[in-house]
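Using the numbering used here, you'd call the opening residue of the sequence shown number 37 and step up by one each time. First comes the structure, then the notes that go with it.
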Amino acid sequence: MTKLNVTWAADRAAMAKLAANHVSAALLDGSVTSLALPTGDTPIGMYEELSQRCQRGEISFGDTTLFNLDEYVGMSPDNPRSYHAFMRRHLIDRIDAPEDQVNLLRGDASDADEECRAFDRAIAAAGGIDLAVLGLGANGHIAFNEPGVAWDLDTHVVALDERTRQAHRPNFPDEVSVPSTGVTMGINTLRSARKVLLLCAGESKREAMAALLSGREDPAWPVTSLLGHSDLVIVAEEALMPS
Numbered sequence: 037m038t039k040l041n042v043t044w045a046a047d048r049a050a051m052a053k054l055a056a057n058h059v060s061a062a063l064l065d066g067s068v069t070s071l072a073l074p075t076g077d078t079p080i081g082m083y084e085e086l087s088q089r090c091q092r093g094e095i096s097f098g099d100t101t102l103f104n105l106d107e108y109v110g111m112s113p114d115n116p117r118s119y120h121a122f123m124r125r126h127l128i129d130r131i132d133a134p135e136d137q138v139n140l141l142r143g144d145a146s147d148a149d150e151e152c153r154a155f156d157r158a159i160a161a162a163g164g165i166d167l168a169v170l171g172l173g174a175n176g177h178i179a180f181n182e183p184g185v186a187w188d189l190d191t192h193v194v195a196l197d198e199r200t201r202q203a204h205r206p207n208f209p210d211e212v213s214v215p216s217t218g219v220t221m222g223i224n225t226l227r228s229a230r231k232v233l234l235l236c237a238g239e240s241k242r243e244a245m246a247a248l249l250s251g252r253e254d255p256a257w258p259v260t261s262l263l264g265h266s267d268l269v270i271v272a273e274e275a276l277m278p279s
């Protein structure tokens, strides 16, 4: 069984500070010059912390290449529901990252497969991912890598699991408008990151967290693909701690 490095946070505010501390330390010691970053409710507090620290001059993203993890297929960057817009709203437009170092997947690309290949080329040009910050889906997904997806893929097009679509339903006017396809950094890319920070919050993640803590790889729970990573840090709410 794999021994995991888990830091338990009392609440979301504590979790945000712990996560921001981890990213800040990696920026300050120079070990991270490329970052893969998540969307969703879980990292918002971390982004607020990082934005404030950057604005106070405590940290800088000036020498850092940024990547987002995923995007809805068919979603234009100016759509407020896009992950592109999310990343700009919560972090990128509030920090000092040069525009030519920001790489965000385009859901509205005319050729989604070529968009994936171009994204992989950008990751390679950055020397790979130094730190991948990930959230945890209720079905165990990391980025948009859904249960049963192959673990040897780089950036790819994926059909979204129905559980994922239902989780995103509150962000859309009706069920029909919830996207059914995404583009995502693949598990091979994420496992190749030099450091991984996994953020786990919310009661709906309990089953996925239990699968991870079991220490056994299981394709039904994509997060277990991270087991055995040489530098995996997990920050989780105490509410998810096994009883």
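Beta carbons: idealized from backbone N, C-alpha and C, even for Gly.
Discussion item. Suppose the cutoff is 7 Å on Cβ atoms and the five residues either side in sequence are ignored; what does the same chain contact list for residue 171 look like?
Written reply: 74, 76, 78, 79, 235
Discussion item. I'd like to confirm the pairing. Which residues does DSSP put opposite residue 225 in its beta bridges?
Written reply: Note: residue 225 sits in no beta bridge, so no partner.
Worksheet item: Between the C-alpha atoms of residue 60 and residue 95, what's the straight-line distance to the nearest angstrom?
Response: 7 Å
Worksheet item: Can you give the Cα-Cα distance for residue 63 and residue 206, rounded to whole angstroms?
Response: 34 Å
Worksheet item: Under the DSSP definition of a beta bridge, which residues are partnered with residue 270?
Response: 42, 234
Worksheet item: Is residue 81 helix, strand or coil when you go by DSSP?
Response: helix
Discussion item. With distance defined between alpha-carbon atoms, name the residue in 150, 97, 114, 117 nearest to residue 137.
Written reply: 97
Discussion item. According to DSSP, is residue 259 part of a helix, a strand, or is it coil?
Written reply: helix
Worksheet entry | Three-state class that DSSP yields for residue 192 in the structure shown | strand
Worksheet entry | the segment 138-155 contacting the segment 174-183, beta-carbon criterion three pairs below 8 Å | no
Practice prompt. Taking all protein chains shown into account, decide if residue 39 is buried (16 or more other Cβ within 10 angstroms of its Cβ) or exposed.
Written response: exposed
Worksheet item: Of all the options 242, 271, 260, 214, which has the alpha carbon lying nearest to the alpha carbon of residue 110?
Response: 214
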